[in-house]
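Colleague:
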Amino acid sequence: MATGWRRASTMAIASRVALACLIVACAQHQPKGSTRAPEPKSWTAAQDHVQMMEQLGIQALRPGPSGNERDPNHANYDESRANPYPDLPPLLTLKSGAQVTDPRMWRRRRAEIVDDFEREVFGRVPKNAPAVLWSVVAADTATSAGRRVVGKQLVGHVDNTGYPSIDVNIALTLVVPENGRSPAPVMIMFRGGSLAQAVGRPAPASTGRGGFAPPPPSPGSDAPATDQLIADGWGFAFLNPVTIQADNGAGLTRGVIGLVNRGQPRRPDDWGALRAWAWGASRALDYLETDRTVDANIVGIEGVSRYGKAALVTMAFDERFALVLVGSSGEGGAKLHRRNWGEAVENLTGSGEYHWMAGNFLKYGASSATFGSKNAGDLPVDAHELIALCAPRLTFISYGMPEKGDAKWLDHQGSFMAAIAAGPAFRLLGAKDLGRTDNYKTEKMPPVNVGLLDGQLAWRQHDGGHTDGPNWKYFIAWADRFLGRRYVAAPPVPGR
Ligand code: GCU
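Per our numbering, residue 784 is the first one in the sequence shown, and the count goes up by one each step.
The structure is reproduced here in C-alpha cells:
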C-alpha cells in the first residue's frame, strides 16, 4: 500500500510530449477534399447479429442452454453426457496427414492451426490495422508495497486518418519499481484502473470508462496482485479493454473494428472483440518494447473470465508474450468447445456474446442454414490447440471453485482436458507439460489447491471464487522459477 507520493517532475515533460504528439496527430486529421465518409452505422446488437446470420445464410440458431439449474433448458452437468464428440482434432497431424515430429514441422502445423482459429473462431486482424501512437499523458511516483514505484498514464491513439468519425484512444497505465538501471518484467492485466489507483493512492471517483477492476482484498488475505508483483520486482500495466473495443455487438461498427471497417458491419472472418482486445495488448507490448524501464523479453498477459479468454488469445497469437495467467476463462477460452458441460458454443453464437468471436463462429450454432447445420463437433480446431499455440512459453491455467462462485458453467474438467491434450506440443518444443498421461479422455483434474506447477504448462484450481486472486502468489513464484528469478513474497493484507 502507498505510504507517500509526490508529483513527478517528469510530469511537465510528459505533458509536453503528449502535446507534441497531439499536434502531429491533428495535422494528420485534416480532411482531404470535401467528400465525407458516411457516419458509423448505429444499430442494436440484435440487428447486427441478424445481418451476420444473413451474410452466412443461417435461418436459425439453436438456443444456448440456461445457466440456471432450475430452468428446464438448463446446461448439462452430467459427466456421463459431457463428451458427445469424444475425439479432439489431432494436434500433431498436418492437414496432409503427416505426423509432426520436430519443432520445424510444428511451425507448419502452428500456421495451420492459427489459420483455422482466425477464419472460423476469433477472426483475423485486418492487414490494414491502423498504427497506434503512444504518448505519456501523466506520470507519478509513490511508495507502493514497500518500494518506490514510477507510474505512467499512457494513451494509445489509433490512427484514424482513414475514417475520422471514429476515434479510438487506448488507456494503458504502467507501474514499475524503481530498479535503478535494471528494467522490470511486466504483467499486462486486462482491466481498468487509474494512475492513482495503480500507484496505490486512495481511488478517486470512477471515471466511468468501464473495464473490470477486482474488489479490494479483505484483511488477512493475500496482498493485491499489483502489490505482490511490485514486492517481487515486477511491474504491471492495466490495459482497459473497452477503450479498444466495446464489449457488445452494437459496438462492432465502432471501436477499432468499426474504424477499420469505416463504420460498416463485419464480414464473416473479421475479428471479434477477443481478437481486438488481444491486438490492443500487442500494441501495448509495442510501447513497452520502447520503454527502457521495462524488460520487454519478459512481458506477460493476464485476465479473468471474458478477459481470461482474451489473455489466452493474446498469448496464442503473439509469440512475443513470455507468459500468461488465464483466469476462469471457460467457453471460448481454455474449455473444450466439444464438451457438453455448462456454457456451450450455442451461448457464444447468441446475440449477447457473439461479438467476442468471428462471425463465422455462428455457423457452429446453426440448426438451419444454406449449408445445413453444424455443431461443436464440426469445428476444425478446439481449445487444446489454442493452449498449444502458447507452447513452449509459460502458460498457467487458473480456476476457482464452483462452491465459491466460479460457476460450474465454466467447465473446469473440460478445461483440464484441453490442457492435457495440449501437452504434446509443449514437450515437442522441449518444455514440460502437466506431467500426466496424454489421455485427455481419462485424466481427471487434481483436487482444489493441488497445483500442477512443475512444467511450463501449469494448472491450479484455488479455493476462492470467480477470480484469479488466490493463484497470483503461485503464479509469480512459478514464473520466477522458470525465469531464473528469486521470488520475494509480499506480506498479506494486515488484519483489523
Ligand atoms: C458469462 C459468460 C462467460 C464469461 C463471463 C464473464 O458468464 O457466459 O463466458 O466468461 O460471463 O466474462 O464474466
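Beta carbons are placed, not taken as given, at the ideal position from N, Cα and C, and that holds for glycine.
Computed from a prediction, not measured in an experiment: that's the story for all the values here.
1) Let me check you understand the geometry: is the CB of W1124 closer than 7 Å to at least one non-hydrogen atom of the ligand GCU?
2) Go to N962, then tell me how far its alpha helix (DSSP H) extends in each direction, as first and last residue.
3) Determine the DSSP secondary structure at L1217, reduced to helix, strand or coil.
4) Taking only the alpha-carbon atoms, compute the straight-line gap between N962 and D1052 and give it to the nearest angstrom.
5) Jot down the residue ranges of each uninterrupted beta strand (DSSP E) in the segment 1149–1211, minimum 3 residues, whole runs only, in chain order.
6) For F1019, which option in M972, V1025, G1041, L1057 has the closest C-alpha, if you only look at C-alpha atoms?
7) Between the segment 1142–1155 and the segment 1184–1198, do three or more beta carbon pairs fall short of 8 Å?
8) At a threshold of 7 Å, does W731 count as lining the ligand GCU (C-beta to nearest heavy atom)?
9) Have a look at N943, I1013, I1180 and flag the residue whose alpha-carbon is nearest the alpha-carbon of V969.
10) Would you please verify whether the beta carbon of L1212 is less than 8 Å from any beta carbon of chain D?
11) For L937, report the span of its beta strand (DSSP E) as first-last.
12) Does the beta-carbon distance from V1109 to G1083 come in below 8 Å?
13) In its own chain, which residues sit with a C-beta less than 6 Å from the C-beta of Q936, not counting the 5 before and 5 after it?
14) Cβ of N1130 versus every heavy atom of the ligand GCU: is any distance shorter than 7 Å?
15) Let me know the secondary structure DSSP gives W1242 once reduced to three states.
16) Name the one or two DSSP bridge partners that R907 has.
17) Any idea if R1176 is buried or exposed, counting beta-carbon neighbours within 10 angstroms, 16 or more meaning buried?
18) Once you ignore the five residues that flank T1036 on each side, which residues in its own chain have a CB closer than 8 Å to its CB?
19) Can you tell me whether DSSP reads T1097 as helix, strand or coil?
20) What residues are listed by DSSP as bridge partners for Q1011?
21) Among the residues of its own chain, which have a CB less than 6 Å from the CB of V807, if the five just before and after it don't count?
22) Is DSSP giving D923 helix, strand or coil here?
23) Give the range of the beta strand (DSSP E) segment to which F1021 is assigned.
24) Does the pairing of the segment 1192–1202 with the segment 936–948 give three or more beta-carbon distances under 8 Å?
25) Kindly indicate which three-state DSSP category D1078 falls into: helix, strand or coil?
26) Under a three-way DSSP split, which group does E862 fall into?
27) Can you name, in chain order, every residue of its own chain whose Cβ lies under 7 Å from the Cβ of G991, other than the five neighbours on each side?
28) Compute the beta-carbon to beta-carbon distance between L1022 and G1055, rounded to the nearest angstrom, for a pair I have assumed lies under 8 Å.
29) Taking 6 Å as the limit between beta carbons, can you name the residues of its chain near A1059, skipping five residues before and five after?
30) F1265 and L1240 - do their beta-carbons sit closer together than 8 Å?
31) Quick one: what's got a C-beta closer than 6 Å to P1253's C-beta in the same chain, skipping five residues either side?
32) T910: which of E901, A1093, Y860 sits nearest, CA to CA?
33) If you measure from the CB of R1089, is any heavy atom of the ligand GCU nearer than 7 Å?
34) Using the rule of at least 16 other Cβ atoms within 10 Å of the residue's Cβ for burial, across every protein chain shown, is H812 buried or exposed?
35) Name the DSSP beta bridge partners of E1085, please?
36) With respect to the beta strand (DSSP E) encompassing A843, which residues constitute its N-terminal and C-terminal limits?
Modeller: Looking at the atomic coordinates:
1) Your numbering for residue 1124 matches position 341 in the sequence shown. For the ligand GCU, not one heavy atom lies less than 7 Å from the Cβ of W1124.
2) By one-based count along the sequence shown, residue 962 stands at place 179. Counting along the chain, N962 falls outside any alpha helix (DSSP H), and DSSP gives it neither H nor E.
3) By one-based count along the sequence shown, residue 1217 stands at place 434. L1217 falls in the coil class under three-state DSSP.
4) By one-based count along the sequence shown, residue 962 stands at place 179. By one-based count along the sequence shown, residue 1052 stands at place 269. Spanning the two alpha carbons is a distance of roughly 44 Å.
5) 1149–1152, 1177–1182
6) For the purposes of this step, residue 1019 is taken as the residue at position 236 of the sequence shown. Ranking M972, V1025, G1041, L1057 by Cα distance to F1019 puts M972 first.
7) no
8) Residue 731 cannot be examined here, being either before or after the span of the chain that is shown, 784 to 1279.
9) Residue 969 sits at position 186 when you count from the first residue of the sequence shown. Residue I1013 is the option with its Cα nearest to V969.
10) The chain inventory of the structure shown lacks chain D, comprising one protein chain alone.
11) Counting from one through the sequence shown, the residue named residue 937 turns up at place 154. That run of the beta strand (DSSP E) goes 930–941.
12) As a first step, residue 1109 must be located in the sequence shown, where it is residue number 326. As a first step, residue 1083 must be located in the sequence shown, where it is residue number 300. Taking 8 Å as the Cβ cut-off, V1109 and G1083 do not qualify as a contacting pair.
13) Residue mapping note: residue 936 aligns to position 153 of the sequence shown, counting from 1. Hits under 6 Å: V920, A921, T956, L978.
14) For this step, residue 1130 is matched to residue 347 along the sequence shown. Yes, the ligand GCU has a heavy atom inside 7 Å of this Cβ.
15) On the sequence shown, position 459 is the one that residue 1242 refers to. DSSP places W1242 in strand when its eight states are reduced to three.
16) Here residue 907 is taken as the residue at index 124 of the sequence shown, counted from 1. Beta-bridge pairing by DSSP links R907 to D1053.
17) Taking the sequence shown and counting its residues from 1, one reaches residue 1176 at position 393. Under this definition R1176 is a buried residue.
18) On the sequence shown, residue 1036 is found 253 positions in, with the first residue counted as 1. Closer than 8 Å at the Cβ level, and outside the excluded window around T1036, lie P823, K824, S825, W826, D831, N1044, G1046, Q1047, P1048.
19) As a position in the sequence shown, residue 1097 is number 314, starting the count at 1. T1097 falls in the helix class under three-state DSSP.
20) Indexing the sequence shown from 1 puts residue 1011 at position 228. Note: Q1011 sits in no beta bridge, so no partner.
21) Here residue 807 is taken as the residue at index 24 of the sequence shown, counted from 1. Only weak support is given to the placement of V807: the predicted model assigns it a pLDDT of 40, under 50, and the question is left unresolved by the model.
22) Residue numbering aside, residue 923 sits at position 140 when the sequence shown is read from its first letter. Strand at D923.
23) The residue you call residue 1021 lines up with position 238 of the sequence shown. Element bounds for F1021: 1018–1022.
24) no
25) If you number the sequence shown from 1, residue 1078 lands on position 295. The answer is strand: DSSP assigns D1078 an E or B state.
26) Along the sequence shown, one-based indexing puts residue 862 at 79. It is helical.
27) By 1-based counting over the sequence shown, the position of residue 991 is 208. A caution first: G991 carries a pLDDT of 45, below 50, which makes its placement in the model unreliable, though a value can still be read off. Result list for G991: empty, nothing under 7 Å.
28) Sequence index remark: in the sequence shown, residue 1022 carries index 239 (1-based). Sequence index remark: in the sequence shown, residue 1055 carries index 272 (1-based). About 18 Å; that fails the 8 Å criterion.
29) Indexing the sequence shown from 1 puts residue 1059 at position 276. So the qualifying residues of the chain are I1027, Q1028, V1039, I1040.
30) Against the sequence shown, residue 1240 aligns to sequence position 457. Against the sequence shown, residue 1265 aligns to sequence position 482. When the beta-carbon positions are compared, L1240 and F1265 stay at least 8 Å from each other.
31) Position 470 of the sequence shown, counting from 1, holds the residue named residue 1253. H1245, G1247.
32) Taking the first residue of the sequence shown as 1, we reach residue 910 at position 127. Rather than Thr, the amino acid found at residue 910 in this sequence is Lys. Considering only alpha carbons, the answer is E901.
33) Numbered from 1 along the sequence shown, position 306 holds the residue referred to as residue 1089. Yes, since a heavy atom of the ligand GCU falls inside the 7 Å radius drawn around the Cβ of R1089.
34) Position 29 of the sequence shown holds residue 812. With a pLDDT of only 45 at H812, under 50, the local geometry of the prediction cannot be trusted, and the value read off the model is given with reservation. Its Cβ having fewer than 16 others within 10 Å, H812 is exposed.
35) As a first step, residue 1085 is located in the sequence shown; it is residue number 302 there, counting from the start. According to DSSP, E1085 bridges with M972, L1108.
36) For this step, residue 843 is matched to residue 60 along the sequence shown. From DSSP, the beta strand (DSSP E) with A843 extends over 841–844.
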